[in-house]
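Chains as they are written, first to last, in this note's numbering: chain A, 40 to 262; chain B, 80 to 254; chain C, 668 to 980. Read the structure below first, then the notes.
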Amino acid sequence: MIIAERKPMNEITGFIEGKAKILVVGCRGCVTVCNAGGAKEVEILASLLRLGAEKEGRGLHADELTLERQCDPEYVEELSQLMDGRYGAVLSMACPIGPQYLARRYPEARVFPALNTSFLGGALAHGVWSEFCQACGDCVIHLFGGFCPISRCAKSLLNGPCGGSEGGKCEVSKETDCVWQLIVDKITADGTLDAFMAMDLVKDWRTSRDGGPRRIVRQELLR
Amino acid sequence: MPGRDFAPKVIAFCCQYCAYSAADMAGSMRLQYPAEVEIVLIPCTGRFDVILALRAFEKGADGVYVAGCLEGNCHFLDGNIRARKRVDYLKEGLASVGVEPGRVRMYNLSASQGPRFAEIAGEFVRDVASLGPFRDAGPLGGPDDGTGPEGTDGKMTTQSQQARGTPAGTGRETP
Amino acid sequence: MKGDFKSGGRLERVLRAGAFAVTGELGPPRHADPEDVRKKAGYLLGNVDSANITDNQTAVVRMSSMAASLIAQGEGLEANMQMVCRDRNRIAMQSDILGAAALGVNNLLILSGDHQSFGDHPEAKNVYDLDSINLIRALRDMRDKGVLMNGRELPEGGRPRLFIGAAYNPFADPEAFRALRAKKKVDAGADFLQSQCIYDMGRYKRFMARAVDLGLTERAFFMAGVTPLKSMGMAKYMRDKVPGIIIPDALIERLKGVPKDRQAEEGVRIACEQIEELKAMEGVSGVHLMLVEWEHMIPAIVRQAGLLPRPVP
Chain A
40 MIIAERKPMN EITGFIEGKA KILVVGCRGC VTVCNAGGAK EVEILASLLR
90 LGAEKEGRGL HADELTLERQ CDPEYVEELS QLMDGRYGAV LSMACPIGPQ
140 YLARRYPEAR VFPALNTSFL GGALAHGVWS EFCQACGDCV IHLFGGFCPI
190 SRCAKSLLNG PCGGSEGGKC EVSKETDCVW QLIVDKITAD GTLDAFMAMD
240 LVKDWRTSRD GGPRRIVRQE LLR
Chain B
80 MPGRDFAPKV IAFCCQYCAY SAADMAGSMR LQYPAEVEIV LIPCTGRFDV
130 ILALRAFEKG ADGVYVAGCL EGNCHFLDGN IRARKRVDYL KEGLASVGVE
180 PGRVRMYNLS ASQGPRFAEI AGEFVRDVAS LGPFRDAGPL GGPDDGTGPE
230 GTDGKMTTQS QQARGTPAGT GRETP
Chain C
668 MKGDFKSGGR LERVLRAGAF AVTGELGPPR HADPEDVRKK AGYLLGNVDS
718 ANITDNQTAV VRMSSMAASL IAQGEGLEAN MQMVCRDRNR IAMQSDILGA
768 AALGVNNLLI LSGDHQSFGD HPEAKNVYDL DSINLIRALR DMRDKGVLMN
818 GRELPEGGRP RLFIGAAYNP FADPEAFRAL RAKKKVDAGA DFLQSQCIYD
868 MGRYKRFMAR AVDLGLTERA FFMAGVTPLK SMGMAKYMRD KVPGIIIPDA
918 LIERLKGVPK DRQAEEGVRI ACEQIEELKA MEGVSGVHLM LVEWEHMIPA
968 IVRQAGLLPR PVP
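Here's what the structure looks like:
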């Protein structure tokens, strides 16, 4: 899923500066699961913004609402009754896909992203998330013991580990596992080392972002 | 200095295994502690959530503290450790919008420390009083400017959510 | 290792003649004044067979390795131009390979490159379109098969005649895999390989024994990286801060045992002893002397280590 993180508060308060009435919109998708932009985080952000405004001696009316998904026109439509100009700013707490949907559907509204998409990944433990995919569009993990060297190696090496792998950790951060140590351990244990040695993979990045913005159309699903 | 003669409104989230019992003891020992402290019983400080404190502030509190068992003595092993981290997170959040982080604090004590409970209550009330009122003027209550039709806490529902039985404008959803 | 010369450059001829080769390192300046390169080239000329011209080493912006290579060659010093995969995609790298060969560069050493987070522009986007092994193979195919990565043919006279270098680090982890990674580089087309700085001779010996076992030293020239320790402080810094470097406690103790103003001298003595040992080690074809910002010491060290005169191949 998409792992997101709230933007720094000063950036958010900058978005709503001078606005008396705002709407904070959450999303029940990925950002609820990663505790960044679900109903609870919406309540916390709206409350903090109201308290901060009060502290400055001004009023702020911050409404809260959480949609099923913001990356789906059907649910974005639910805001139609509210988008009548009453809000000086709409803070989307979806991943930044959400605010793009809101801005496209409600062009008159001032929509701001309250979250940053951090990466595609999953939880390692409650409160800990890690990157697992870079959306390169042509998955090769089966060639690497089930690990993704594209997203999990700092240099995206296909023939690692580089000379900075030390004690199973990446030279870029001691917090990060060297994925190549994991790959080598796995392919040595499962007997696929020879296949790896013989492999000569050069990545074709056309399926990745490098090929331009991507799109999928499935005829059998079109109405 | 603001608040010299100001009695702050303080909410104390107290764990039933320690601080709440300590408060009882303080009462039975006839120890004085500030009447401004309103105690909220929670089953463990692990139940404490930043949302609870934020709601308290929005409804007029000037300070919030969380009182749990001594570290290492939590009935649920680490509820008080988690509470401490949440209090730290809350302090950061408040500071990020310009609210004094000193308005929240974590305390640890045991059930037998009735006098310590009274001391904590006095200390925290004194410290919050020195920060002054959360709001300089105006009535306690929600920040609503009265222009919104959706109730004072700003909670909203969409039409489809209404169709699922939560009427618009009735306020808080079940958290 | 018979057959026609790949580049016909000095380094290749020295190695193929079976002489113990010596390479040095020249870091281009962080500005545009060519005098700096000329001055450093002066220390290296006549003392090494070829000098690595680093490519924005440690991800710090410097004069380009191709430009500095040409300036050095103008002084008579053969360049071993480095190219890292961090900053350019396959279009730019193939283009630079053609350009370097056209301008008379004989040796091209290919590296993944230090991650930009270590450098002076950590905000930069890294490229890593290809990794070092991808690029080594691409370069070999350009030279030997006369094709670009997309299969487009190069005319007979338009193939880049380059002696292909690669790096190897016996001191990174996992240890057991390091020789296999070197094998991948040899399989991809590396003609010669230079190592990371060696201080742990025991581990290096284990690595070379494995490389010999794998037959790698029959297929490519393995050079051993040597960097004299200037002081105990430098030794500790490298041990603790530089990834992929191992410095045994015994070496630190030895430096500790001499007064501070004599530690550099002791460091050079240690390096010379290492070089003696490396000369006799099976599979080692030469030494690569990395004297970062200490280039003026090259003549003395080369003399002290008995590496002079350099052969005229």
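Ideal Cβ positions, reconstructed from N, Cα and C, are used throughout, including at glycine.
Tell me the rounded alpha-carbon separation between Asn774(C) and His788(C). Residue numbering aside, residue 774(C) sits at position 107 when the third sequence is read from its first letter. Residue numbering aside, residue 788(C) sits at position 121 when the third sequence is read from its first letter. Per the coordinates, the alpha-carbon of Asn774(C) lies some 28 Å from the alpha-carbon of His788(C).
Using a beta-carbon distance cut-off of less than 7 Å, what residues from the region 201-221 of chain A approach chain C? Cys201, Gly202, Gly203, Ser204, Glu205, Gly206, Gly207, Glu210, Val211, Gln220
Quick test of your reading: Pro701(C) and Ile738(C), contact by CB under 8 Å. State the CB separation rounded to the nearest angstrom. To locate residue 701(C), count along the third sequence from 1; it is residue 34. To locate residue 738(C), count along the third sequence from 1; it is residue 71. Going by Cβ atoms, the distance from Pro701(C) to Ile738(C) rounds to 5 Å, so yes, they are a contact pair.
Gln95(B) by DSSP, collapsed to three states: which one? As a working mapping, residue 95(B) is identified with position 16 in the second sequence. Coil, per DSSP.
What do you get for Gly900(C), buried or exposed, if any count of 16 or more other CB atoms within 10 angstroms of its CB means buried? Indexing the third sequence from 1 puts residue 900(C) at position 233. Looking at its Cβ environment, which holds fewer than 16 other Cβ atoms inside 10 Å, Gly900(C) is exposed.
For Arg67(A), is the beta carbon positioned less than 7 Å from some heavy atom of the ligand HEM? Absence of the ligand HEM is noted for the structure shown, with no ligands found whatsoever.
Compare the C-beta of Asp167(B) with all C-beta atoms of chain A and state if any pair is closer than 8 Å. Along the second sequence, one-based indexing puts residue 167(B) at 88. For Asp167(B), the answer is no, since every Cβ of chain A falls outside 8 Å of its Cβ.
CA-CA distance, Asp808(C) and Arg819(C)? Taking the third sequence and counting its residues from 1, one reaches residue 808(C) at position 141. Taking the third sequence and counting its residues from 1, one reaches residue 819(C) at position 152. Roughly 11 Å separates the two Cα atoms.
Where Phe196(B) falls, given that 16 or more other Cβ within 10 Å makes a residue buried: Here residue 196(B) refers to the residue found at position 117 of the second sequence. Buried is the call here.
With the cut-off set at 8 Å, would you say Ala101(A) and Val70(A) are in Cβ contact? One-based indexing of the first sequence puts residue 101(A) at position 62. One-based indexing of the first sequence puts residue 70(A) at position 31. The answer is no: Cβ separation not under 8 Å.
Beta-ladder partner(s) of Val64(A), from DSSP: Counting from one through the first sequence, the residue named residue 64(A) turns up at place 25. Bridge partners of Val64(A): Leu104(A), Ser131(A).
Where the alpha helix (DSSP H) through Glu93(A) begins and ends: Locating residue 93(A) in the first sequence gives position 54, where the first residue counts as 1. Where Glu93(A) is concerned, the enclosing alpha helix (DSSP H) stretches over 78-94.
Using the Cα positions of Ile226(A) and Gly206(A), report the straight-line distance between them to the nearest angstrom. Taking the first residue of the first sequence as position 1, residue 226(A) is located at position 187. Taking the first residue of the first sequence as position 1, residue 206(A) is located at position 167. Cα to Cα, the separation comes out at about 18 Å.
Within chain B, the residues that Ser86(A) reaches when beta carbons sit closer than 8 Å: Against the first sequence, residue 86(A) aligns to sequence position 47. What Ser86(A) touches in chain B: Ile130, Leu133, Arg134, Phe136, Glu137.
Local conformation of Trp961(C) per DSSP, three classes: If you number the third sequence from 1, residue 961(C) lands on position 294. Coil.
Can you check whether the C-beta of Met322(A) is within less than 8 Å of a C-beta belonging to chain C? With chain A represented from 40 up to 262, any question about residue 322(A) goes unanswered, as that position is not in the structure.
Quick one, which of Asp916(C), Lys897(C), Pro966(C), Leu945(C) has its alpha-carbon nearest Gly934(C)'s? Position 267 of the third sequence, counted from the first residue, corresponds to residue 934(C). It is Lys897(C).
CB contact below 8 Å: Thr52(A) versus chain B: Indexing the first sequence from 1 puts residue 52(A) at position 13. Answer yes: the Cβ-Cβ gap between Thr52(A) and chain B drops below 8 Å somewhere.
CA-CA distance, Val969(C) and Leu918(C)? Residue 969(C) sits at position 302 when you count from the first residue of the third sequence. Residue 918(C) sits at position 251 when you count from the first residue of the third sequence. About 21 Å.
Taking 8 Å as the threshold (C-beta atoms), are Leu847(C) and Met236(A) in contact? Position 197 of the first sequence, counted from the first residue, corresponds to residue 236(A). Position 180 of the third sequence, counted from the first residue, corresponds to residue 847(C). The answer is yes: Cβ separation under 8 Å.
Run through the DSSP bridge pairs and tell me what Ser169(A) is partnered with. Position 130 of the first sequence, counted from the start, is the residue given in the question as residue 169(A). Paired residue(s): Gly161(A).
Nearest neighbour of Asn49(A), chosen from Leu88(A), Leu163(A), Met122(A) [CA to CA]: Walking along the first sequence from the start, residue 49(A) turns up at place 10. Closest option to Asn49(A), Cα to Cα, is Leu88(A).
Report yes or no: is there a C-beta of chain B within less than 8 Å of the C-beta of Met40(A)? As a position in the first sequence, residue 40(A) is number 1, starting the count at 1. It does not: the Cβ of Met40(A) has no partner Cβ on chain B nearer than 8 Å.
Leaving out five residues on either side along the sequence, give the residues of the same chain with a beta carbon under 7 Å from the beta carbon of Glu790(C). If you number the third sequence from 1, residue 790(C) lands on position 123. There are no such residues.
How many angstroms separate the CA atom of Gly973(C) from the CA atom of Val951(C)? Working through the third sequence from its first residue, we reach residue 973(C) at position 306. Working through the third sequence from its first residue, we reach residue 951(C) at position 284. Straight-line Cα distance between these residues: approximately 16 Å.
Please report how far the alpha carbon of Gly250(A) lies from the alpha carbon of Leu765(C), in whole angstroms. Taking the first sequence and counting its residues from 1, the one referred to as residue 250(A) is at position 211. Taking the third sequence and counting its residues from 1, the one referred to as residue 765(C) is at position 98. The alpha-carbon atoms of Gly250(A) and Leu765(C) are separated by roughly 26 Å.
For Glu679(C) and Ile865(C), what's the separation of their Cα atoms in angstroms? Residue mapping note: residue 679(C) aligns to position 12 of the third sequence, counting from 1. Residue mapping note: residue 865(C) aligns to position 198 of the third sequence, counting from 1. Between the alpha carbons of Glu679(C) and Ile865(C) lies a gap of roughly 23 Å.
Please look up how many angstroms separate the CB atoms of Val143(B) and Ala132(B), rounded, as I've assumed it's under 8 Å. On the second sequence, residue 143(B) is found 64 positions in, with the first residue counted as 1. On the second sequence, residue 132(B) is found 53 positions in, with the first residue counted as 1. Right, their Cβ atoms sit about 4 Å apart.
Use the C-beta contact count for Ser191(B): other C-beta atoms within 10 angstroms, 16 or more gives buried, fewer gives exposed. The residue you call residue 191(B) lines up with position 112 of the second sequence. Looking at its Cβ environment, which holds fewer than 16 other Cβ atoms inside 10 Å, Ser191(B) is exposed.
For Asp215(B), would you say it is in contact with chain A, using Cβ-to-Cβ distances shorter than 8 Å as the test? Locating residue 215(B) in the second sequence gives position 136, counting from the first residue. Yes, contact with chain A.
CB Phe859(C) to CB Phe888(C), shorter than 8 Å? Against the third sequence, residue 859(C) aligns to sequence position 192. Against the third sequence, residue 888(C) aligns to sequence position 221. Yes, these two residues count as a Cβ contact at 8 Å.
Would Cys35(B) be called buried (16 or more neighbouring beta carbons within 10 Å of its own) or exposed? In the structure as shown, chain B starts at 80 and stops at 254, and residue 35(B) therefore has no counterpart that could be examined.
Would you kindly work out how many angstroms separate the C-alpha atoms of Phe136(B) and Ile160(B), rounded to a whole number? Residue 136(B) sits at position 57 when you count from the first residue of the second sequence. Residue 160(B) sits at position 81 when you count from the first residue of the second sequence. Cα to Cα, Phe136(B) sits roughly 23 Å from Ile160(B).
Which residues, in chain order, does the region 773-788 of chain C contribute to contact with chain A at a C-beta distance below 7 Å? Ser779, His782, Ser784
Among the residues of its own chain, which have a CB less than 7 Å from the CB of Phe127(B), if the five just before and after it don't count? Within the second sequence, residue 127(B) is the residue found at index 48, counting from 1. Answer for Phe127(B): Phe92, Ile121, Val145, Ala162, Arg165, listed in chain order.
Continuous beta strand (DSSP E) stretch holding Ala746(C): start and end: Position 79 of the third sequence holds residue 746(C). Taken as a continuous stretch (DSSP letters only), the beta strand (DSSP E) holding Ala746(C) covers 746-751.
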